[in-house]
Amino acid sequence: MEFSENAIVEKKKFASKLYEFWIRNSLVSKKAKPGQFVILRITERGERIPLTIVDTRPGEFRLVVKAVGKSTFELCMKEEGYVLSDVVGPLGKPSDVRNYGNVLVLGGGVGIAAVLPIAKALKKEGNKLTVILGARTVDELILRDEFSFCDELLLATDDGSLGIKGTVVDAMRKLLKEKKFDVAWAIGPGVMMKFASYVAKEHNLPIWVSLNSIMIDGTGMCGGCRITLKNGNVNKIEYTCVDGPEFDGRFVDWDVFINRLTLYREQERLALEKFLAEVGDVSWL
Ligand SMILES: Cc1cc2nc3c(=O)[nH]c(=O)nc-3n(C[C@H](O)[C@H](O)[C@H](O)COP(=O)(O)OP(=O)(O)OC[C@H]3O[C@@H](n4cnc5c(N)ncnc54)[C@H](O)[C@@H]3O)c2cc1C
Ligand code: FES
295 MEFSENAIVE KKKFASKLYE FWIRNSLVSK KAKPGQFVIL RITERGERIP
345 LTIVDTRPGE FRLVVKAVGK STFELCMKEE GYVLSDVVGP LGKPSDVRNY
395 GNVLVLGGGV GIAAVLPIAK ALKKEGNKLT VILGARTVDE LILRDEFSFC
445 DELLLATDDG SLGIKGTVVD AMRKLLKEKK FDVAWAIGPG VMMKFASYVA
495 KEHNLPIWVS LNSIMIDGTG MCGGCRITLK NGNVNKIEYT CVDGPEFDGR
545 FVDWDVFINR LTLYREQERL ALEKFLAEVG DVSWL
């Protein structure tokens with residue numbers, strides 16, 4: 295079958311409301327580097343949503359999407375052959391991948407997909423990699439087979455259904471008592487990245503986090519994705535879309551970041567409610 299640009303060429307369900315997509319796009323597939331993302335619209339009247347480029351192959355790129363609101367529900371309901379309205383990217387600065395020595399990588403929930411390309415690139419640079427992947431339950435511990443190239447792989451689930459019972463941050467805390475690392479990466483829910491950054495700070499460990507701010511234009515013009523970095527008494531405003539999405543978590547003002555994520559909660563709730571009323575039963579998703 296011949297697919298047009300921006301078509302979904304492959305779709306796979308990982309878990310309830312959690313899907314993998316391969317999208318046809320010659321430019322993104324050629325240019326993307328680990329750590330970068332796209333902003334896409336599903337329909338012409340849809341909102342623009344940022345999603346991490348998880349992998350590429352000739353002419354196509356890979357996404358992993360969790361349905362959390364109107365647009366991500368709508369995307370996860372689309373099937374192979376559907377053509378997205380538009381895709382912009384690759385956006386953002388690539389991860390600072392080089393040979394650091396001993397690297398600790400944490401992935402939580404859908405963030406596991408986002409750390410995969412970074413972990414692969416770090417390994418290629420000759421780093422010794424310890425990876426901790428965590429999710430609420432074993433079904434959501436996605437892509438764990440694809441991390442077999444790591445030197446050490448630890449798994450954690452909140453309910454204890456696989457690996458350590460607890461969060462990736464619990465596992466990180468324990469590990470840092472025994473082992474020394476030169477740098478860390480942590481990608482996952484805001485709260486996970488916040489606490490991983492606090493632990494890293496206690497150990498004087500630089501830690502890259504990928505901030506999933508609410509974005510609109512993705513070009514540094516609207517200010518929607520702004521964050522505050524704190525260094526002593528100095529506060530600095532940066533924009534996740536053009537200055538990030540990765541920042542040293544030890545300097546992120548986490549309260550400001552997490553508060554901004556909840557700014558439109560009521561509108562988001564209403565948009566999802568209206569969408570679900572239109573499309574009917576989505577218990578299969
Ligand atoms: C650089 C970047 C990369 C991202 N990569 C991925 C990815 O690979 N896969 C993926 O599934 N998601 C990713 N996200 C998050 C994704 O963009 C949001 O989940 C999506 O925009 C939500 O849109 P919605 O209309 O479905 O939900 P909304 O109605 O906008 O939000 C529904 C709920 O999700 C929360 N939410 C909204 N936006 C975000 C956000 N950016 N991060 C976390 N929670 C949010 C809201 O507070 C609300 O509770 C990324 C975000 C950024 C900024
Ligand atoms: S999304 Fe508008 S400034 Fe970053």
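Read in order, the letters of the sequence shown are residues 295 to 579 in my numbering.
Quick reminder that beta carbons are idealized off the backbone N, C-alpha and C, glycines included.
The model shown is predicted, which means the values in this text are computed figures rather than measured ones.
With fewer than 16 other CB atoms across the displayed protein chains lying within 10 angstroms of its CB, Gly395 is exposed. Contact between Leu427 and Gly401 holds: CB atoms are separated by about 5 Å, below the 8 Å threshold. Under the DSSP assignment, Asn319 falls outside any alpha helix (DSSP H); it carries neither an H nor an E label. Proximity of the region 321 to 339 to the region 367 to 387 meets the contact definition, three or more beta-carbon pairs being nearer than 8 Å. Counting every other CB atom within 10 Å of its CB across the protein chains shown gives Asn498 a total below 16, marking it as exposed.
By the C-beta density criterion, Leu557 is exposed, having fewer than 16 other C-beta atoms within 10 angstroms. Judged by pairs of C-beta atoms under 8 Å, the region 536 to 552 touches the region 513 to 528, as three or more such pairs exist.
Bounds of the beta strand (DSSP E) holding Ile302 are Ile302 to Ala309. Annotation: the continuous beta strand (DSSP E) that includes Asp380 extends over Asp380 to Leu385.
By the neighbour-count definition (other C-beta atoms within 10 Å, threshold 16), Ile436 is a buried residue.
Counting of Cβ neighbours within 10 angstroms places Arg339 among the exposed residues, the total staying below 16.
With a minimum length of 3 residues, the unbroken runs of beta strand (DSSP E) contained wholly in the region 335 to 397 fall at 343 to 346, 349 to 351, 354 to 360 and 380 to 385. The bridge partners DSSP lists for Tyr313 are Lys307 and Val359.
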